[in-house]
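Notes to accompany the following structure.
Now the structure itself:
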């Protein structure tokens, strides 16, 4: 099991630290050592720990997660609901810091066979978890072996695709999924003479609206957070353009980046031109740009749907919502967006009784009413159509205009190999490379073509290193 993310990084789709993540210090451990270390540690003790052990009133199942603040409190509520309705299993949620810190803690705990049964891992850590052969207990095997009902087909396809193997088997439980949507400040739209009931739907419309906002004296026409996640990864999916070969890596190892394509090149060139003219305000990596949304100084902001609940509660301005913009002359656009967030993985080397408890917990999480409550409280996507219908029947979308946009966006059309998601090893490092090259383009130090060509070359080197380390 390798590090899904380097030190200090939070996954896209997550609210900013410290509300939802901690900050790790120091360099990420070497991938080869980590993969070998946890696999050996769990494997060495597996035979000794699979016995039933002494009987006790309730089986305790440790659940290590990376959610602080309000999201952590919502996890506690979900777990309390499960624990209160039965007395055979007691799930214990434990906050372990950022995603990096959480997985690192599990790795070190595995050396002494004190690791948790359940650990939360960000979505781009999926390839790394799959590479840790023998260290994980795939969800579909767990539910089958423990005889617990679980309908994997009920999981929304864009979510299931991220966490399934090439045969379509679900490997981990999709717990907190999000996707980027468009937010706009209706007060600023009205002041600029724009229709505050109609969000911009295409990139030319974003350009025109941002230009008029700037002419009206608005500091920031538009911005985004997580530049690669929004402007490369989801942009590609929404335009049905491949990010990499082999179905963006979902078909197996050996994928190579295909970022240097005309559609993405045109988009990056447009962003660079808009940055120069002042209608686009690059706000930095990760969550750094989010204050421009929360403060109400940015007319248009493209960010995670997981921000919506917080914005509805705290915004001092009238908020509007829309889908991701698209270039209308690209064939097949718009397609569907993809997800960020994290899933819950089960680690091998724990007593069988804990696996029975974990399976019961996942069956509980899969209930539409449980998913619906989590979705409504946090802003994360409902995992299934049934959970969405439960929230709709409860009047949630009537009370919260725009809350359904994320679901509509990820299910807009059936996903293709270009829009099901991605599974690329060391992708957090690849994402860093992409964002370095984007910054050079935005600063005018490289053309869009040169920046993307460099991202492909450097990124492919990282992918090949991962493939070699995972053999």
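In UniProt numbering, the protein residues as written are 1 to 471.
We put the beta carbon where it would ideally sit given N, CA and C, even for glycine.
With contacts defined by Cβ atoms closer than 8 Å, residue 357 and residue 61 form a contacting pair.
Taking every protein chain shown into account, the CB of residue 149 has fewer than 16 other CB atoms within 10 angstroms, so this residue is exposed. Remark: C-beta atoms of residue 315 and residue 178 do not approach each other more closely than 8 Å. In this model, residue 303 and residue 58 are separated by some 42 Å (Cα to Cα).
Counting other Cβ atoms within 10 Å of its Cβ, residue 96 reaches 16 or more and is therefore classed as buried.
Residue 300 places its beta carbon 8 Å or farther from that of residue 238. Taking residue 176 as the centre and dropping the five residues before and after it, the same chain places the C-beta of 341, 342, 380 closer than 6 Å to its C-beta, in chain order. Cβ neighbours of residue 251 within its own chain (closer than 7 Å, five residues either side excluded): 166. Judged by DSSP secondary structure, residue 277 falls within the alpha helix (DSSP H) whose first and last residues are 262–277. A distance of 8 Å or more separates the beta carbons of residue 202 and residue 331. Contact between residue 127 and residue 350 is absent: CB atoms are separated by about 23 Å, not below the 8 Å threshold. CA-CA distance, residue 80 to residue 390, rounds to 21 Å.
In the DSSP assignment, residue 122 forms a beta bridge with 342.
Look at the beta carbons and you see the segment 247–262 not touching the segment 276–287: under three pairs across the two are nearer than 8 Å.
A straight line joining the alpha-carbon of residue 136 with that of residue 447 spans about 43 Å. Between residue 308 and residue 292, the C-beta gap is not smaller than 8 Å, which leaves the two residues out of contact. Closest in alpha carbon position to residue 436, among 404, 286, 352, 411, is 286. In the structure shown, the three-state DSSP call for residue 213 is helix. With 16 or more other Cβ atoms from the protein chains shown falling within 10 Å of its own Cβ, residue 376 counts as buried.
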